[in-house]
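Asks:
Protein chains in written order, with the working numbering: chain D, 5 to 467; chain U, 167 to 319.
(1) Can the beta-carbon of residue 221 of chain D be found closer than 8 Å to that of residue 263 of chain D?
(2) Once you ignore the five residues that flank residue 270 of chain D on each side, which residues in its own chain have a CB closer than 7 Å to its CB?
(3) Identify the continuous beta strand (DSSP E) that holds residue 204 of chain U and give its terminal residues.
(4) Between residue 290 of chain U and the rest of its own chain, which residues show a CB-CB distance below 7 Å, the 5 nearest in sequence each way excluded?
(5) Quick one, are the C-beta atoms of residue 120 of chain D and residue 67 of chain D less than 8 Å apart?
(6) Closest Cβ-Cβ distance between residue 396 of chain D and chain U: below 8 Å?
(7) For residue 379 of chain D, which of helix, strand or coil comes out of DSSP?
(8) Where do the ends of the alpha helix (DSSP H) carrying residue 276 of chain U lie?
(9) For residue 300 of chain U, count the other beta carbons within 10 Å of its own beta carbon; 16 or more makes it buried, fewer makes it exposed. Which is it?
(10) Residue 226 of chain U and residue 176 of chain U: beta carbons closer than 8 Å?
(11) Roughly how many angstroms separate the alpha carbons of residue 223 of chain U and residue 348 of chain D, rounded to a whole number?
(12) Where do the ends of the alpha helix (DSSP H) carrying residue 65 of chain D lie?
(13) Less than 8 Å between the CB atoms is what I'm expecting for residue 230 of chain U and residue 179 of chain U, so what's the real figure, rounded?
(14) Sort out for me which residues DSSP pairs residue 263 of chain U with in a bridge.
(15) In the DSSP output, what is residue 438 of chain D paired with across the bridge?
(16) Against residue 183 of chain U, what residues of chain D qualify as contacts under a CB-to-CB distance less than 8 Å, listed in chain order?
(17) Name the chain D residues that come within less than 7 Å of residue 191 of chain U, Cβ to Cβ?
(18) Please report the straight-line C-alpha distance between residue 248 of chain U and residue 103 of chain D, rounded to a whole angstrom.
(19) List the whole-angstrom C-beta distance separating residue 470 of chain D from residue 218 of chain D, where the pair is believed to meet the contact cut-off of C-beta under 8 Å.
(20) Could you tell me which of D/82, D/49, D/168 sits nearest to residue 184 of chain D, measuring between CA atoms?
(21) Does the beta carbon of residue 205 of chain U come closer than 8 Å to any beta carbon on chain D?
(22) Give the straight-line distance between the Cα atoms of residue 221 of chain U and residue 393 of chain D, rounded to the nearest whole angstrom.
(23) What are the boundary residues of the beta strand (DSSP E) that includes residue 353 of chain D?
(24) When DSSP labels each residue in this structure, what does residue 411 of chain D get in the three-state scheme?
(25) What's the gap between the Cα of residue 195 of chain D and the Cα of residue 279 of chain D?
(26) Please name the residue in D/134, D/151, D/150 whose C-alpha comes closest to that of residue 143 of chain D.
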């Protein structure tokens, strides 16, 4: 059922990938490999270089990542510079504070055709950053006017749309344009139903197209139910195939971004599930997480371990997919690792397509349509506190682990109330839903006696 | 177990300027509202100036700063110094909690400096939510108690 996807990874024949990031992804895809990528950013140049070299040397089909720090994300470059002067610890690489020349030297030392590097940031108004990235010769970056605005900033969406339009046009004008990935499939990391994630990813990709880019990717983040995720990624690929003619696109999956399992076994299991999901769904690239994730920012070695583990699972899953006779299990049934999971049939494609189409009808341009859609609650990200988000929609995890709508707000959705209205979520209920995957994956180690005497990750890291 | 605060206490809940995390703020708002509080939730990436203005405008019983991106020890320090430098906010009850640095369990090293710089209480994430709940209980019949007991983590 899913063995053919590898060969049709790039659906538009004859569209040559423009940049070396996409060339690397396409090459891996041809060889049946899943590209794996860390989240990694360090404040100083020496450690950042070490980190990138560590990833490059990993026994995995890896590409590099430079994650920027939170000051750079909000254009507070003075605070970043001050931290560099005083040696205060930053949570990422301050690209603008280091400057394009230093960054270009760093990239020159570590990157290449076989190892392109993506800069990951989270900035809603990133024009100064894009200028620095272009000057530094960065291969790829990510974001979007909605996905980097609503969750990460106080900027009005209208400002973010303007800024991202300029950024797209800046990189489109370069001889080898940077690859740009939409972060739309990752809104708030968890508790956003798949149809909205798919719709936002496609809408942002359309926005990139509108502003001259054709070397793009669409994202989706692992949620709470492998069968539903499989359905969602199939919906994303189908919609992208229908709407992004003429573009060179691929899909990037994110290992679960919400409250992470705290046990070593649980954190590897959730990573494993995301790798198998990536391979089965035909996703070309995966952003991995490490077992340190629940506790602190991971070390270089922990990142490399996670990438090599992901690569091994990906090869295993690809080999399994080539076998004809693995019987699929019912959606939602978590069995021992590697059992086939069947996609659910919950209408993700239809709902996402309807959200995309009805949004595009609101205005002549994608950017203006996004602004109007959020201002009238036609698009509404559950629980998102940004002032331009209606914050009337609500989602919940049902007893089978499926992520569903509890309240549509003013979104044009049918919400199945199952006969009785659901009570508003309590603080405890919210924690329960946020911790759904943590419990699902930690159970294994916590219920096996011989594991429990081992020191926890946080205890080891503190020693 | 349920605590009822009478009359309703007013809270301002906020992140710090560089922190984009949101679920911690959504949770705190629900938790406080369930206990009868009125909550103004300023959301993520809030500039110091906006926090100061909002506290002037609403005169909350407590300003609750929640941050998990690891910059809490930097941004929190700058923020509390700013707040304490405003004469009309010198008495404002201000607490901070979350993941205050990037060192996991070692983040506790930052608690003392934050408390000494003017936070009425500091809650490191490893300490769980109980410390904050106990702090809320002390508000029951307090106008402005001296809560210099500090690092509750």
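Every residue, glycine too, gets a C-beta built ideally from N, C-alpha and C.
Quantities reported herein were computed from a predicted structural model and do not represent experimental measurements.
Replies: If we stick to the structure as given:
(1) Against a cut-off of 8 Å, the Cβ pair of residue 263 of chain D and residue 221 of chain D comes out as no contact.
(2) 445, 446, 448, 449
(3) 204-207
(4) 266, 273, 274, 277, 319
(5) Going by C-beta atoms, residue 120 of chain D is nearer than 8 Å to residue 67 of chain D.
(6) no
(7) helix
(8) 275-282
(9) exposed
(10) yes
(11) Straight across, the Cα-Cα distance linking residue 223 of chain U with residue 348 of chain D is about 50 Å.
(12) Counting along the chain, residue 65 of chain D falls outside any alpha helix (DSSP H), and DSSP gives it neither H nor E.
(13) Correct: roughly 5 Å between the Cβ atoms.
(14) Answer is U/232, U/289, bridged to residue 263 of chain U.
(15) Per DSSP, none; premise fails for residue 438 of chain D.
(16) 78, 80
(17) 389
(18) 30 Å
(19) The question about residue 470 of chain D has no answer, for chain D in this structure spans 5 to 467.
(20) Measuring C-alpha to C-alpha distances from residue 184 of chain D to each of D/82, D/49, D/168 identifies D/168 as the nearest.
(21) no
(22) Here the alpha carbons of residue 393 of chain D and residue 221 of chain U stand approximately 24 Å from one another.
(23) Segment 352-364 is the alpha helix (DSSP H) holding residue 353 of chain D; no beta strand (DSSP E) there.
(24) strand
(25) 20 Å
(26) D/134
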